[in-house]
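Residue numbers (the numbering used here): 111 to 204.
Where a beta carbon is used, it is the ideal one built from N, C-alpha and C, also for glycine.
Input: a single structure, listed below in structure tokens.
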């Protein structure tokens, strides 16, 4: 978790510093923290608490594993499509 957290935090902060006007950087970092840290913990805590009550812990963890695998697969396919579009000179929506 530590390596992923540091890598993602560094990447997001670097992206924001390169793409957000100087006067809005603090607001951008605040919104990032609000969405990624507070929002995900509150929504995830409630959702997975309800899910574990209804399905049990074992099924909940299997479902989370399946969703994580599907999410990783979708991200990988999306990333490949973007890379192919850049190589072919196609316009890419960012």
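Q.
Taking 8 Å as the cut-off, does the segment 169-184 touch the segment 144-161 (at least 3 CB pairs, one atom from each stretch)?
A. yes
Q. What did DSSP end up calling residue 130 once you bin it into helix, strand or coil?
A. For the purposes of this step, residue 130 is identified with residue 20 of the chain shown, where counting begins at 1. Residue state, collapsed to three classes: coil.
(Q) I'd like the list of long-range same chain contacts for residue 130, defined as Cβ closer than 6 Å, with 5 residues on each side in sequence excluded. (A) Working through the chain shown from its first residue, we reach residue 130 at position 20. Closer than 6 Å at Cβ, skipping near neighbours: 138.
Q) To the nearest angstrom, how far is it from the Cα of residue 142 to the Cα of residue 122? A) Residue numbering aside, residue 142 sits at position 32 when the chain shown is read from its first letter. Residue numbering aside, residue 122 sits at position 12 when the chain shown is read from its first letter. One C-alpha to the other measures close to 8 Å.
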